[in-house]
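Protein chains in written order, with full-length UniProt numbering: chain G, 1 to 556; chain U, 1 to 556. Working notes, beginning with the structure itself.
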């Protein structure tokens, strides 16, 4: 057995460094994003693939309380047979087991809990290749992206949440000596203690597209602040979280703690156990990533809990002018194509003045800009192998349906075409569609079209575009926004507009940084200031609602 | 004009010291609690009294947007004629004016806002004597308590909120340089900025008994995190907050800012503008102190806002044993008597084993303990002048009604009697009532009897008492709890029970510290972990929900 205190000592340097990075917010990463042999070792890639393959067609090896049968609900967007079945636990049994584990977890204290969490994340990192295959075949992310976003980037986000939770739960001293001077007498003296107490059972509801990246912050923030966590994966993306829970339970058991501090709640699609769990009186924290519809339902109905949601929105690009037209087109076309636009951060609404834009390559009319963007997409996705590596596969029928619907819009600039993958002939791969709209077509563009669907929207002016941006994002939310302009005045106005809209802003991205990507320990993801999300990944607000500081005091 | 940046420089040392004190949580106070000449100057007391007297029978000098008439709603529990009238503003006009002031306030930034807040608090401190009279004659607090709790203690709580807000809004750097190493190339470099953006218009709803102490934390936390604040006083206690708002508006105006960043919303009793304000779409933060009924209504209905409430509860004392019986009786009788039990922190339920307790004065049966507590109350309150100074006056008819109701309970240990005040013959002053109950009488003791009403409740054992304590506090809330025991095992069990119940615990208070009192910068008030309050005064959670951190990034 390795105690939580020992695990804290083992990982103390890493945790200290993570807390420092979260404060400084410059570049730092704990987990290398390159799936190369020089980093992860000669055998890591084949061993990870073998581990993944071994799981297929089997009952996933995990013991849970109150199991009632098994569930098998995943299908690979790449067309391979998964057939992994998972034990299905009674949600009420999971809540009861989680609740029973609380007092011992509370007694571990913040540093011990952070030590346990760091050990879990390190073991997750060691299984990054296995997880990459699991993420690829549940989300449709291409392998390298599945490795990076589902592996090290998600692990960095996990560690970031641990760092915030550790800092927030240790900021108030555990013990303080209070001595109040008294006129003509000895001071009044009290010894005071502060104990961190978790809010209660926590439920993390995962999504289909980023099962690890989007679930880890809530999972680890809740755990380190003293709460047991029930992980409820999307029925289409269970495996990455099942592996995560399996690792968590092993670490907890080895540390002499109840494995039920982290458990797994699977269901047949449509069974609705997320709602059952989220409204259970003992469930006091809910983290959710997914549709606005269910996110809003949770916010309205899980009233006994604090609810952190990340939902959908209208990610917006304002194009005013540029001194790097090629760079803009290259960067933007990649942003629209990466993982087939199935990121909550992919731009949807491209606002461009109907009179065109000034660029280093001369004035470009709106028609020219549309044609050039379409050509840039064609160039990026012309080679099927490279296209498949960028696009990944279409995750589910919902995206496919919207793609078909968008294809019927009247003015298509770039049509969606099929791409064939050599390695996985059964994969569903499609290039993005870009349609032209007018500012008056708000009925179309104020709806989120999750997937590889974007709109080039003609506006009266950049000023008009900024007004549309603020109005639509305030009303419907957004996770990202970006602006292209050579004018300091326009950039300043765009910054103010982004503050008014409540969204983070990227300016003039024309190189190797993309608006869809945020770096842990530096970029916040989501703001809480617009309807797309109730909080940021990760800041103090994301962790402080998960625990209470309780004091006792006595004379000395 | 003194700019916010200059005000920050002026008060920087004070603010730094406050931030440090909030971190260390040992004894620190910025504002002397003694109303003595040696501290506040020879003329401070008479000048303050003159200033107060000058206000009586007059229109209170304050300009507000959208005024519709005047309101006069206060009556002194000490029986003097107040007849101060206040301009009544249209709530919608206040919201609109507050909203219009937001962009300039956002641009001031965290340190400038903290500078403005510190200047306001310093000027409030300079008017402590005037405020003491205003608090005394609206709440019924005796003068010295009105001076301390309504003046310096409230100012310390205000400064504490400023310190937490300043620390939380400056923890993330305003600018960061990000450089991500690239294999075989220059690093990717981005400059990143973070801007603090307030959540929106804030409404602070005051209470009748502690208009300043309970309102200042929300007022200053919201203000420093970037939000305009509309102060809605209780119709019975307007003057202390009107003075506060008057000072705030003067400081804001002198700093070149809109005075409408802090405004005053008065009403005739029963008009219900608190509900109108709290559910206005532009109101995004609500702070409330008062009844559970309206607090719960706000939590359920002000869905567009974050809602911080401090409501009622069942403050509990567990008596197991003591090595200072006299000290226990003296301390407890003072806690029950101070301000006639009209504190949200006054003990109500005294849980004592029916077989009695062991003490340094020998075994005491439950009957003996009851008689001794009653005698201690008699001794404390025997002299009318001293009694009046401790008890203050009964604030309103609600308390008077409950006192009469409690007097009809079957087993009265101490009856409520009238006390005459020499200085204010019209004052309504009453000694506390203590009734004996059994653990089975939960219908009576699980209701809050706000006022000088307590119950000596016979339990089967201390273990039984701890069970009742946890159950009743989890279900009905509490702001304070205390235990008396000489047994380390019992104290440990009481600590665990307090963690389970979600309430702060005081142990063996027999000297000059009382369970009803909390010290700013050291003791938290409320926990959020039980139904009596949704947050603590003051910790990070109390401030982090009031703002967002918004980023922008661009290549360098």
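Ideal Cβ placement from N, Cα and C applies to all residues, glycine included.
query	result
Tell me, please, whether the stretch 230 to 245 of chain G touches the stretch 292 to 306 of chain G by the rule of three or more beta-carbon pairs shorter than 8 angstroms.	no
Please tell me whether residue 314 of chain U and residue 476 of chain U are closer than 9 angstroms, where the distance is taken between their beta carbons.	yes
What residues from chain G crowd round residue 323 of chain U, counting only those whose CB sits closer than 7 angstroms?	Neighbours of residue 323 of chain U on chain G: none; closest Cβ ~12 angstroms, over 7 angstroms.
Are the CB atoms of residue 210 of chain U and residue 162 of chain U nearer to each other than 9 angstroms?	no
For residue 344 of chain U, which residues from the same chain have a beta carbon less than 6 angstroms from its beta carbon, with the 5 sequence-adjacent residues on both sides left out?	479
Starting from residue 157 of chain U, follow the beta strand (DSSP E) in both directions and report where the run begins and ends.	Where residue 157 of chain U is concerned, there is no enclosing beta strand (DSSP E), although the alpha helix (DSSP H) it sits in stretches over 152 to 170.
Could you list the residues in the stretch 72 to 97 of chain U with a C-beta less than 9 angstroms from some C-beta on chain G, going in chain order?	none
Give the residues of chain G in contact with residue 508 of chain U, contact being defined as C-beta atoms less than 8 angstroms apart.	554, 555
Excluding the five sequence neighbours on either side, which residues of its own chain have a C-beta within less than 8 angstroms of the C-beta of residue 170 of chain G, listed in chain order?	110, 111
Do you know whose CA, among U:527, U:522, U:356, U:10, lies nearest residue 179 of chain G's CA?	U:522
Can you find a CB in chain U that lies within less than 9 angstroms of the CB of residue 489 of chain G?	no
Locate the alpha helix (DSSP H) running through residue 339 of chain U, then write down its first and last residues.	No alpha helix (DSSP H) holds residue 339 of chain U; DSSP gives it neither H nor E.
Check the Cβ-Cβ distances between residue 27 of chain G and every residue of chain C, and say whether any is below 9 angstroms.	In the structure shown, chain C cannot be found, because the protein chains are G and U.
What does the Cβ neighbour count give for residue 122 of chain U, buried or exposed, with the cut at 16 atoms within 10 Å?	buried
So does the stretch 65 to 75 of chain U actually touch the stretch 148 to 159 of chain U, counting three or more Cβ pairs closer than 8 angstroms?	no
From what residue to what residue does the beta strand (DSSP E) around residue 394 of chain G run?	Segment: none, residue 394 of chain G is in no beta strand (DSSP E) and carries neither H nor E.
Name, please, each residue of chain U whose Cβ falls closer than 7 angstroms to the Cβ of residue 37 of chain G.	Those do not exist, as residue 37 of chain G stays about 14 angstroms from chain U at its closest Cβ, beyond 7 angstroms.
Are residue 324 of chain U and residue 360 of chain U touching if we call contact CB-CB under 9 angstroms?	yes
Assess contact between the stretch 113 to 127 of chain U and the stretch 380 to 390 of chain U, defined as three or more Cβ pairs (one per stretch) separated by less than 8 angstroms. Is contact present?	no
Please list, in chain order, all residues of the same chain as residue 506 of chain U whose beta carbon is under 6 angstroms from its beta carbon, the five residues on each side excluded.	482, 515
Got a sec? Which residues, its chain only, sit under 7 angstroms from residue 407 of chain U by beta carbon, not counting five neighbours each side?	415, 416, 433
DSSP three-state call for residue 141 of chain G: helix, strand or coil?	coil
Residue range of the alpha helix (DSSP H) that residue 281 of chain G falls in?	That residue, residue 281 of chain G, is in no alpha helix (DSSP H); it is neither H nor E in DSSP.
In this structure, does DSSP put residue 236 of chain U in helix, strand or coil?	coil
Can you give the Cα-Cα distance for residue 115 of chain G and residue 223 of chain G, rounded to whole angstroms?	11 angstroms
Where does the unbroken beta strand (DSSP E) through residue 19 of chain G begin, and where does it stop?	That residue, residue 19 of chain G, is in no beta strand (DSSP E); its alpha helix (DSSP H) goes 4 to 24.
Check the Cβ-Cβ distances between residue 160 of chain G and every residue of chain U, and say whether any is below 9 angstroms.	no
Looking at C-alpha atoms only, which residue of G:426, G:367, G:247 is the closest neighbour of residue 61 of chain G?	G:247
Can you check whether the C-beta of residue 195 of chain U is within less than 9 angstroms of a C-beta belonging to chain G?	yes
Is residue 253 of chain G helix, strand or coil when you go by DSSP?	helix
Closest by CA to residue 556 of chain G, which one among U:512, U:81, U:144?	U:512
Could you say which of U:446, U:76, U:15 lies nearest to residue 166 of chain U if we only look at CA atoms?	U:15
Going along chain U in order, which residues have a C-beta closer than 8 angstroms to the C-beta of residue 540 of chain G?	168, 171, 540, 544
Mapping the DSSP letters down to three states, classify residue 62 of chain G as helix, strand or coil.	coil
Can you check DSSP and say which residues form a bridge with residue 69 of chain U?	U:88
Strictly under 9 angstroms for the Cβ-Cβ distance: is residue 3 of chain U near chain G by that measure?	no
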